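A.B. asks: Under the working numbering, the letters of the sequence shown match residues 1 to 641, in that order.
Can you keep this structure in mind? I'll have questions shortly.
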Amino acid sequence: MEEDPVCHCFPRDDILMKYQYISDFFIALAYFSIPLELIYFVKKSASFPYRWVLIQFSAFIVLCGATHLINLWTVTPHSETLARVMTVAKVSTAFISCATALLLVHIIPELLSVKMRELLLKMKAEELDRLMRIIQVREEKERHFRILNQEVRASLDSHTIVTTAMIGLVNTLGLEECALWTPSPASSELHLSHTVCHHSMVGSAVPLNLPALDNVLSSNRATKIPHTSPLARIRPVPGRGRYVPPEVAAVKVHLPMVSDIPAIGWPELAGRRSYAVMVLMLPPDSAMKWRDHDLELVQVVADQVSAALAHAAVLEESMRVRDQLMEQNLALDLSRREAERAIGARNNFLAVMNHAMRTPLHAIICLSSLLLEAELAAEHRMVIETVLKSSSLMATLLHDALDTARLEDGNLLLEADVFNLPSLFREVIGLIKPIAAVKKLSVSLTLAPDLPPWAVGDSKRLTLIIMNLAGNAVKFTKEGYVSVAASVARTDSLKEARPPESFPRSGDGNFYLRVQVKDSGCGISPQELPHLFKKFAHSHTGAGRNSGGGGGLGLALCKRFVNLMGGQIWLESEGLRKGCTAVFVVKLGLCDNDNHPSFRKGSVAPPGQTPRGGGDAISPSRMLQNDESRYLLRNWHQSTS
């Protein structure tokens, strides 16, 4: 064999050839297994966008594996056919590898962008997880705040409300400290009244004109304040070491009862006394910050505390009013019992006076009347007449006192009987004429033509009213006249004296009697007119009708009787020494008895009725029927026989 001049062969090493042979075999095996694995995983994948790249890459790997497999036979001398196969395999591998390389130029950036999108998606997922955790924390806080609001509104004690709210805020928000500053009623300061962790001494004071308070009180929500503010000095600052100041927030709490406290020397601060300030401090050296959501929750709690304090204040005020009412009720009950005892004592006294005083008075009046019928000297007659007048006056006062007591107790009822109206007036005039004759006064009676002859009503009280008014006219008139006029009241005739609406209109079965008693006596001052119908009214001017020691019970009793009879009474006078006019209107029933066979013209009362006289002017026979003195009865019968 001739040596090739270009061949640089070296002696054959079997071991080296064996290693190359084994290496080519395993390389070919690896190249053939990789495409199979790629095809398997691509089929398992739901979506793979680069299938042509995978096919080219698989072909490239297969051809590379085929090249290494062919090398197993090229280690030893081989034929030309094997060389050609080897050449075709390498050319195909070169073509496929170049095509794959060119395609990867466009595919690799897309793969990198996919990776970037994957990273972004991971970051977004992490952000969503963080937001979810924040939302969960917020929901948990809101749940705790709802429970806290229920606990705050469940109590009606102000101290319990504030303490519960502050402890709940500390536990829910993880606060370092929570404190409440309340206004002082005696000064223009805020005092530290409540703390949770007791880092600062209760009772510390800060002025109301702090700049930080302007932002807190002017805002409708919780606000942040500097940690250097005096309100935030509720925790001692460490003296050494690194210290990160905490974040501090403050919110105003409305105090409904503090608004009533006056601003002493600070009128511009009066509105600030209506609010307390709650200060909330986060832990120092921590990553916790005040977020808007947390500040809103704090404001909600502050509003609930304000509402609960308002309810507690209302309850406290109602309890105070209830206690006052109970005390007043006890006092009123005690007063009522005392009044009942006094009324009982008065009634007992009146009963004793009624039974024990009327009999002697009637005896005195009877004796005086009997003596006046005998022939006496002028001096003796004057003395006996004085005794008779005084006794009659005392009997009248006794009768007035008894009727007044019954009126005040509501036990006095009007009597309804039929009586002769003109005869009643004539009897009254007959009773006052003797007294008027002594004073040389003229007494006149005027009865209107349309006055009904018979009427239904309480003749006794009507006689008492007329007697009282006529007696007063005679009493306070030294010279001149006393006139009594009676008529049926009409609206057109009363317009000058009283407004028409002051008088009721007559109806079927009744009419309104108008009686006017006029005199030319001392008159009444205009200042005394409104007070004359009061019991025991006294004069303030020292002149007029009340200058003689008071008005007594007469006019007051007359007014009560007139009101019971559905009418009105008033006095008119132009002044002192110009006379007086007393007018009253009462309601009486109509009784048309002119054709009744049992009535006789000129009789005082119908048959079967007791003749009604002049009130307290009791005839001797009527007085003696109730008297126990047989001596008086015998003497009176002897004189009458």
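Just so it is clear, CB atoms sit at the ideal spot from N, CA and C, and this is done for glycine as well.
What you are looking at is a predicted structure, and each value in this text was computed from that prediction instead of being measured.
(1) Mark M353 as exposed unless 16 or more other C-beta atoms lie within 10 angstroms of its C-beta, in which case mark it buried.
(2) Could you please give the first and the last residue of the uninterrupted beta strand (DSSP E) stretch that includes Q516?
(3) By how many angstroms is the C-alpha of R130 removed from the C-alpha of L54?
(4) For Y40, count neighbouring C-beta atoms within 10 Å of its own C-beta (all shown protein chains included) and say buried if the count is 16 or more, exposed if not.
(5) Would you kindly work out how many angstroms separate the C-alpha atoms of D458 and N563, rounded to a whole number?
(6) Name the residue from E574, A154 and A489 whose alpha carbon lies nearest to the alpha carbon of G567.
(7) Can you tell me where the alpha helix (DSSP H) holding K478 begins and where it ends?
(8) With distances taken Cα to Cα, identify the nearest neighbour of T195 among E327, P185 and L169.
(9) Contact defined as beta carbons within less than 8 Å: I believe L644 pairs with A89. What is the distance between those atoms, to the nearest angstrom?
(10) Which same chain residues, not among the five before or five after L414, have their C-beta less than 7 Å away from its C-beta?
(11) Where DSSP assigns a beta bridge to T446, which residues make up the other side?
(12) Considering just the uninterrupted stretch of the beta strand (DSSP E) at H254, what are its terminal residues?
(13) Quick one: grab the DSSP three-state call for F32.
(14) DSSP three-state label for W570, please.
(15) Would you please state the rounded distance, in angstroms, between the beta carbons of A473 and D519? I believe it to be under 8 Å.
(16) To the nearest angstrom, how far is it from the Cα of L180 to the Cα of D292?
(17) Assuming the contact rule is C-beta atoms closer than 8 Å, A287 and T182 should be a hit. Round their C-beta distance to whole Å, please.
(18) Can you name the start and end residues of the alpha helix (DSSP H) that F533 belongs to?
(19) From the DSSP output, which residues share a beta bridge with Q177?
(20) Throw me the rounded Cβ distance for the Q56 and A99 pair, which I believe falls under 8 Å.
(21) Can you tell me whether T164 is buried or exposed, with buried defined as 16 or more other CB within 10 angstroms of its CB?
(22) Out of I465, N510 and P256, which has the shortest C-alpha to C-alpha gap to W454?
(23) So, using beta-carbon positions, are A250 and M278 closer together than 8 Å?
(24) With DSSP as the reference, label H194 as helix, strand or coil.
(25) Please name the residue in H68, V515, F145 and G554 whose C-alpha comes closest to that of L532.
(26) Out of N149, L112, V91 and A436, which has the shortest C-alpha to C-alpha gap to V300?
(27) With L295 and L175 assumed to form a contact (beta carbons below 8 Å), what rounded beta-carbon distance in angstroms separates them?
(28) For the putative contact between V443 and R514, defined by C-beta atoms under 8 Å, what is the C-beta separation to the nearest angstrom?
(29) Helix, strand or coil, according to DSSP, for D458 in the structure here?
(30) Specify the secondary structure class of A377 as computed by DSSP and reduced to three states.
(31) According to DSSP, is T228 helix, strand or coil?
(32) Of all the options L529, H311 and R560, which has the alpha carbon lying nearest to the alpha carbon of E682?
(33) H380: buried (16+ other C-beta within 10 angstroms of its C-beta) or exposed?
(34) L424 lies in the alpha helix (DSSP H); which residues open and close that run?
(35) Hey, N468 and C558 are a contact pair by Cβ (cut 8 Å); roughly how many whole angstroms apart?
(36) For M394 and Q516, what's the separation of their Cα atoms in angstroms?
C.D. replies: Taking the definition as stated:
(1) By one-based count along the sequence shown, residue 353 stands at place 353. It counts as exposed.
(2) As a first step, residue 516 is located in the sequence shown; it is residue number 516 there, counting from the start. Here the beta strand (DSSP E) through Q516 covers N510 to D519.
(3) In the sequence shown, counting from the first residue as 1, residue 54 sits at position 54. In the sequence shown, counting from the first residue as 1, residue 130 sits at position 130. The straight-line gap from Cα to Cα measures roughly 39 Å.
(4) Translated into the one-based positions of the sequence shown, residue 40 becomes position 40. Classification for Y40: exposed.
(5) As a working mapping, residue 458 is identified with position 458 in the sequence shown. As a working mapping, residue 563 is identified with position 563 in the sequence shown. Distance between the alpha carbons of D458 and N563 is about 13 Å.
(6) Numbered from 1 along the sequence shown, position 567 holds the residue referred to as residue 567. Nearest option by C-alpha distance: A489.
(7) Mapped onto the sequence shown, residue 478 falls at position 478. It is not in any alpha helix (DSSP H) - K478 carries neither H nor E in the DSSP assignment.
(8) Residue mapping note: residue 195 aligns to position 195 of the sequence shown, counting from 1. Nearest of E327, P185 and L169 to T195, Cα basis: L169.
(9) Look at the range of the chain in this structure, 1 to 641, and you will see that residue 644 is not part of it.
(10) Indexing the sequence shown from 1 puts residue 414 at position 414. Correct list, in chain order: D458, R461, L564 and M565.
(11) Along the sequence shown, one-based indexing puts residue 446 at 446. In the DSSP output, where bridge partners are listed per residue, T446 has A485.
(12) In the sequence shown, counting from the first residue as 1, residue 254 sits at position 254. Per DSSP, H254 belongs to the beta strand (DSSP E) from V248 to H254.
(13) Here residue 32 refers to the residue found at position 32 of the sequence shown. Helix.
(14) The count along the sequence shown starts at 1 and reaches residue 570 at position 570. W570: strand per DSSP, three-state reduction.
(15) By 1-based counting over the sequence shown, the position of residue 473 is 473. By 1-based counting over the sequence shown, the position of residue 519 is 519. Confirmed, Cβ separation roughly 4 Å.
(16) Residue numbering aside, residue 180 sits at position 180 when the sequence shown is read from its first letter. Residue numbering aside, residue 292 sits at position 292 when the sequence shown is read from its first letter. C-alpha separation (whole angstroms): 21 Å.
(17) Taking the sequence shown and counting its residues from 1, one reaches residue 287 at position 287. Taking the sequence shown and counting its residues from 1, one reaches residue 182 at position 182. Not quite, the Cβ-Cβ distance comes to about 33 Å (not below 8 Å), so this is no contact.
(18) Numbered from its first residue, the sequence shown carries residue 533 at position 533. Segment: none, F533 is in no alpha helix (DSSP H) and carries neither H nor E.
(19) Position 177 of the sequence shown holds residue 177. The sequence given here places Glu at residue 177; Gln does not occur at that position. Partner(s): M281.
(20) Mapped onto the sequence shown, residue 56 falls at position 56. Mapped onto the sequence shown, residue 99 falls at position 99. About 6 Å separates the two Cβ atoms, so the contact holds.
(21) For the purposes of this step, residue 164 is taken as the residue at position 164 of the sequence shown. T164 is buried by the Cβ-count criterion.
(22) Translated into the one-based positions of the sequence shown, residue 454 becomes position 454. When each option's Cα is compared against that of W454, the closest is N510.
(23) Residue mapping note: residue 250 aligns to position 250 of the sequence shown, counting from 1. Residue mapping note: residue 278 aligns to position 278 of the sequence shown, counting from 1. Cβ atoms of A250 and M278: closer than 8 Å.
(24) Here the question's residue 194 lines up with position 194 in the sequence shown. Three-state result, H194: strand.
(25) On the sequence shown, position 532 is the one that residue 532 refers to. Here the closest residue by C-alpha is G554.
(26) Position 300 of the sequence shown holds residue 300. Comparing Cα positions, the closest option is N149.
(27) The residue labelled residue 295 in the question sits at position 295 within the sequence shown. The residue labelled residue 175 in the question sits at position 175 within the sequence shown. That pair is no contact at about 13 Å.
(28) Position 443 of the sequence shown, counted from the first residue, corresponds to residue 443. Position 514 of the sequence shown, counted from the first residue, corresponds to residue 514. Not confirmed; about 19 Å, so no contact.
(29) Residue 458 sits at position 458 when you count from the first residue of the sequence shown. Residue state, collapsed to three classes: coil.
(30) Your numbering for residue 377 matches position 377 in the sequence shown. Coil.
(31) Residue numbering aside, residue 228 sits at position 228 when the sequence shown is read from its first letter. If DSSP states are grouped into helix, strand and coil, T228 belongs with coil.
(32) A query on residue 682 cannot be resolved here, the shown segment of the chain reaching from 1 to 641 and no further.
(33) Numbered from its first residue, the sequence shown carries residue 380 at position 380. Label assigned to H380: exposed.
(34) For the purposes of this step, residue 424 is identified with residue 424 of the sequence shown, where counting begins at 1. From DSSP, the alpha helix (DSSP H) with L424 extends over L421 to V438.
(35) Mapped onto the sequence shown, residue 468 falls at position 468. Mapped onto the sequence shown, residue 558 falls at position 558. Confirmed, Cβ separation roughly 5 Å.
(36) Walking along the sequence shown from the start, residue 394 turns up at place 394. Walking along the sequence shown from the start, residue 516 turns up at place 516. Spanning the two alpha carbons is a distance of roughly 26 Å.
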